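For the first sequence, my numbering begins at -3 and goes up steadily by one. All residues carry an ideal CB built from backbone N, CA and C; glycine is no exception. All values derive from a computational prediction rather than experimental measurement. Take a look at the structure set out below.
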Amino acid sequence: MKEMQTTYDPKDFEDRIYEKWMRENCFRAEIDPSKVPFTVMMPPPNITGKLHMGHAMDETMQDIVVRFKRMQGYSALWLPGTDHASLATEHKIVEKLHEEGTSKEELGREEFLRRAWAWKEQYGDAIVGQLKKLGSSCDWSRLTFTMDEKCSKAVREAFCRLYEKGLIYRGSRIINWCPDCRTALSDEEVEHTEDAGYFWHFAYPVEGSDERIVIATTRPETMLGDTAVAVNPSDERYKNFVGKTLLLPLTGRKIPVVADEYVDPEFGTGAVKITPAHDPNDFEVGLRHSLPSIRVMGDDGSMNELCGEFAGLDRYEARKRIVEKMKELGLLVKIEPHSHNVGHCHRCHATVEPIVSKQWFVKMAPLAKPAIDAVVKNKTKFVPDRFAKIYFNWLENIRDWCISRQLWWGHRIPVWYCECGEVICSREDPTVCPVCGSTHLKQEEDCLDTWFSSALWPFSTLGWPDKTPDFNYFYPTDVLVTGYDIIPFWVMRMMFSGIEYTEKVPFHDVLIHGLVRDELGRKMSKSLGNGVDPLEVIAKYGADSLRLSLVTGVAPGNDTRFTEGKVEAARNFINKIWNASRFVLMNVDCDVPAFGNIRLQPADRWIISRLMATIREVTVSLQKYDLGIAADKLTDFTWNDFCDWYIELVKPSLYGGDPEKKRSALGVLIFVLENILKLLHPFIPFVTEEIWSFLPGERGNIISEEYPRYNTKLSYKKEAKTFEGIIDLIKTVRAMKVDVNCPPSRKVHLFLIAEQRRLVSVNKQSILRLAGASEIEFIEKGEQAGEKTLSHVCEIGHLFVPLGDLVDIEKEKERLKKELERVTGEIARADGKLMNKNFVAKAPKKLVDDERAKKEKYLDMKQKIEEQLRLLDD
RNA sequence: GGAAGUUUAGCUCAGCCGGGAGAGCACUUGCCUUACAAGCAAGGGGUCAUAGGUUCGAACCCUAUAACUUCCACCA
-3 MKEMQTTYDP
7 KDFEDRIYEK
17 WMRENCFRAE
27 IDPSKVPFTV
37 MMPPPNITGK
47 LHMGHAMDET
57 MQDIVVRFKR
67 MQGYSALWLP
77 GTDHASLATE
87 HKIVEKLHEE
97 GTSKEELGRE
107 EFLRRAWAWK
117 EQYGDAIVGQ
127 LKKLGSSCDW
137 SRLTFTMDEK
147 CSKAVREAFC
157 RLYEKGLIYR
167 GSRIINWCPD
177 CRTALSDEEV
187 EHTEDAGYFW
197 HFAYPVEGSD
207 ERIVIATTRP
217 ETMLGDTAVA
227 VNPSDERYKN
237 FVGKTLLLPL
247 TGRKIPVVAD
257 EYVDPEFGTG
267 AVKITPAHDP
277 NDFEVGLRHS
287 LPSIRVMGDD
297 GSMNELCGEF
307 AGLDRYEARK
317 RIVEKMKELG
327 LLVKIEPHSH
337 NVGHCHRCHA
347 TVEPIVSKQW
357 FVKMAPLAKP
367 AIDAVVKNKT
377 KFVPDRFAKI
387 YFNWLENIRD
397 WCISRQLWWG
407 HRIPVWYCEC
417 GEVICSREDP
427 TVCPVCGSTH
437 LKQEEDCLDT
447 WFSSALWPFS
457 TLGWPDKTPD
467 FNYFYPTDVL
477 VTGYDIIPFW
487 VMRMMFSGIE
497 YTEKVPFHDV
507 LIHGLVRDEL
517 GRKMSKSLGN
527 GVDPLEVIAK
537 YGADSLRLSL
547 VTGVAPGNDT
557 RFTEGKVEAA
567 RNFINKIWNA
577 SRFVLMNVDC
587 DVPAFGNIRL
597 QPADRWIISR
607 LMATIREVTV
617 SLQKYDLGIA
627 ADKLTDFTWN
637 DFCDWYIELV
647 KPSLYGGDPE
657 KKRSALGVLI
667 FVLENILKLL
677 HPFIPFVTEE
687 IWSFLPGERG
697 NIISEEYPRY
707 NTKLSYKKEA
717 KTFEGIIDLI
727 KTVRAMKVDV
737 NCPPSRKVHL
747 FLIAEQRRLV
757 SVNKQSILRL
767 AGASEIEFIE
777 KGEQAGEKTL
787 SHVCEIGHLF
797 VPLGDLVDIE
807 KEKERLKKEL
817 ERVTGEIARA
827 DGKLMNKNFV
837 AKAPKKLVDD
847 ERAKKEKYLD
857 MKQKIEEQLR
867 LLDD
């Protein structure tokens, strides 16, 4: 039999184990009617780059849940994939082309797409590699890319259905335009920041008079597109202006003064220039007053041909020139600093321009309603549930979704325009116009928003719209794991899409996690350069340590800080398990009896009792997605109970020379270790699998083992409680020795007045070893343990330890007096409660009983301490 | 202008149904005890942000306040 290395080194086996899992098809989810399916769709990472720490946490959480469910006997499918990330990817490729001295226009659509697919191959593979390094147990046979044929088919189906229902329309609306990416954006893709700017006050002259009206604007360049000035109808200052005509400076265009409630008289000058083509509010005002809409800016953010001398200028250059010009004309009244909310493209951070443009939209109101209802009715639950509020907030205030993008990389909109004017939306590429028979059809140039295909992810991956066996078996999915920042982009859209297309919610639970921040609590970002590469951490500490560190001490939905110290702590814990396992295995030199055939000793029953309690707590926590609590319980049990206590307690049995005792001890050790490894496997899959392979006997992979189950017959609650008296005894002796500076090597003689002599006797060797004692001697009440003796009342009885020269009687008296004080205080506290009639009457009976028992215990302690004090006084 | 979150040990954070405040790291002391110094043992350290309220009983529930964080919102 091969042996375990003396130190834990994950590099020795992580890759090898992953290959083994792959080779043996351990991640493959089968359609098995005898099993219950459990489905998780991996949020497909963008192919724009490599995975960051946030992904690492997201994937780890999913893997933990999936491995847990798989071990529980579900047919667990974790379907992996990647996202084409239309805008983000195209942006990156365009940047790269720019560096190469070319452009997408120069290459043309076809060549550009060829490059994009090459990009996808490269980065998609890198991501898959990273996921494997992390230990992700996803079903690679079902790996999906959002532009795979099946997804494209689903996208077309979805688009056509909405189009046919009249829920998709094309129209000219104000949209968010990114002049750098040169595409429309949805509202969600715009980030607002409070930017410092100015308020320019311009005077607009009234036609045929000397009167002027002063407006304030933050975007002077848009004045070229003004088609009115609006004032509040109740504003006395401007009453006489309403209906008059103004001469728009720089253009001489005649524009009316209109009255509209939208204007806030308190803000600015109370008069607002109206530019319907370049401002969402102005657009609305324009509609109400039938104002023309004049677009003065091109797709690249420069002023267009309507702008006279400013034509061709960049928007900011134009702003400068216009302000100068207005000043020259004496129409610049004043400039005041003003900070306001400015929208930025969330991809390239360029300032977004609201622009009127012909785009495709999804009508949201009819889709939002059922998506809200589903969560209200608990068909889908958010964990933690407070995130439901954020979800509602979005859906309740939602506006129509602009889905067209002026991009090439993505799903091209399945609409064709015929020369006769017919618009054809089709699942198949049409060749002939159904109206005029023409074959001159042109497909819509625009692509769909990436999130349009992401919205279909829970079912497009399973073959929808076809009724595939996968779809029938695995859909709807069980849990979606993602960050709170993705709720508006994705969760919400999957919800209404799932309900609309499949008539089922796409998942029952949404497990929301927070962001992984840096050591100082800052968001990890490229610009700050504070990101930590998961692969580097894995290289140094191993994937298991990284995984464990990402879920311990983390509450659902809360942000967490990444520190190397946490990874180190996780590594140390894993090292502990490694060595504990090594210890157990190096003692195996005989057949280990089956657990059921072992006559259990009190210590055995204690550890098994603790094991059962742990199994129960961990299982409950995992079912509630409380991964942090589960990890915490497991660490505590493994390290404290198993390693620090149980292993030490059974060493005398291993070393004592009695083969029967040794065999039994080994049996229990192996049994508990097996359970620990299984319980921990979802968290730290590699090392548990590796250790598992060293355990004696024929066994398969731990990944395919059954998750431990709570067994009432093995709970031994009462016996475990009693056994804790032994632990308490050992701790007491240790503390006594430290208290008097007794060297650990100096063995002490223990005298004990106790009722449970048998329990003590059975564990005598363990007690001697762990307490650093030479002998335990039972004495009767009233009997003396000799001169210079320290005493302590512990759970199991009254302990006396003669320590000779180390004992300072006066100090011991002091200590006893203090102890007496404490105990007296405890009695008073218990009395305080028990004398309270309300407590006795209203508190649960168990609590009252417990309180009475405590009082009894302390009274007994008090008596013993007083006795001892009297003795010392004599 | 709305909304959510956070505030607990020196640091980072847990804390379930309300029933004697926890972990890791750091710190102090002693130990290389034949698995592990990435370790063992024993310790010190908290006005659970503040003020009220509900309750027999509050870190936990309610109200208000403060500080910080985040999301949303068209005030030109």
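- The beta carbon of PHE155 lies closer than 6 Å to those of PRO410 in the same chain, with the five residues before and after it left out.
- The segment 14 to 23 and the segment 430 to 440 do not touch, with fewer than three beta-carbon pairs separated by less than 8 Å.
- About 6 Å separates the beta carbons of THR214 and PHE195, which is inside the 8 Å limit, making them a contact pair.
- Fewer than three Cβ pairs drawn from the segment 380 to 398 and the segment 123 to 136 lie within less than 8 Å of each other, which leaves the two stretches out of contact.
- Annotation: GLY248 to THR376 spans about 59 Å, alpha carbon to alpha carbon.
- Between ILE164 and CYS398, the CB-CB gap reaches or exceeds 8 Å.
- Of the candidates ALA565, LYS657 and SER400, SER400 places its Cα closest to the Cα of GLY167.
- Out of ILE534, TYR258, SER493 and PRO333, the CA that lies nearest to the CA of ALA566 is found in ILE534.
- Nearest in C-alpha terms to GLU305, of all of LYS321, ARG291, ARG811 and GLY294, is LYS321.
- If you draw a straight line from the Cα of GLU187 to the Cα of VAL348, it comes to about 9 Å.
- Residue SER182 holds the alpha-carbon nearest to the alpha-carbon of GLY339 among PRO552, GLU656, SER182 and CYS421.
- The Cβ neighbour count for VAL428, taken over all protein chains shown within 10 Å, is under 16; the residue is labelled exposed.
- Around GLY406, the same chain offers HIS80, SER82, CYS443, LEU444 and THR446 as residues with beta carbons nearer than 7 Å, after the five sequence neighbours per side are excluded.
- The closest CA to that of SER298, considering only LYS709, LEU283, ARG178 and ALA255, is found on ARG178.
- Contact between LEU662 and VAL588 holds, with the beta-carbon distance rounding to 5 Å and staying under 8 Å.
- GLU184 counts as buried, since no fewer than 16 other beta carbons sit within 10 angstroms of its beta carbon.
- By the 16-neighbour rule on beta-carbons within 10 angstroms, PHE263 is exposed.
- Taking the Cα positions, MET0 is about 16 Å away from LEU673.
- As for any alpha helix (DSSP H) of minimum length 4 sitting wholly inside the segment 427 to 470, the runs are 446 to 450, 453 to 456 and 465 to 470, ordered along the chain.
- For GLU779, the closest C-alpha among the options GLU863, LEU755, HIS345 and GLU852 is that of GLU863.
- Scanning its chain for C-beta atoms nearer than 7 Å, with the 5 sequence neighbours on each side dropped, one finds around PRO598 the residues GLU715, PHE719, LEU755, VAL758 and ASN759, in chain order.
- In the DSSP assignment, the residues bridged to THR78 are PHE141.
- Exposed is the label assigned to MET831, since fewer than 16 other Cβ atoms lie within 10 Å of its Cβ.
- For a cut-off of 8 Å, the C-beta gap from VAL819 to MET857 is around 5 Å, short enough to register as a contact.
- For LYS323, the three-state secondary structure derived from DSSP is helix.
- Residue pairing from DSSP places THR35 in a beta bridge opposite LEU73.
- Counting C-beta atoms within 10 angstroms of its own C-beta, ARG311 has 16 or more neighbours from the protein chains shown and is therefore classed as buried.
- Leaving aside the five residues that flank GLY479 on each side, the residues in its chain whose CB is nearer than 8 Å to its CB run, in chain order, GLY50, ASP54, ILE508, HIS509, GLY510 and LEU511.
- Here the segment 64 to 78 makes no contact with the segment 493 to 509; the two share fewer than three CB pairs at distances below 8 Å.
- LEU220 and LEU130 have their C-alpha atoms spaced approximately 56 Å apart.
- Closest in C-alpha terms to ALA273, from the list LYS658, VAL281 and PHE467, comes VAL281.
- The C-beta distance from THR728 to HIS788 rounds to 5 Å, short enough to fall under 8 Å.
- By the Cβ neighbour-count rule, GLY77 is buried, with 16 or more other Cβ atoms within 10 Å of its own.
- Around the Cβ of PRO362, a 10 Å sphere holds fewer than 16 other Cβ atoms; the residue is exposed.
- Contact between TYR854 and ALA826 holds, since their C-beta atoms are separated by about 7 Å, short of 8 Å.
- The three-state reading of DSSP puts CYS303 in helix, counting H, G and I together.
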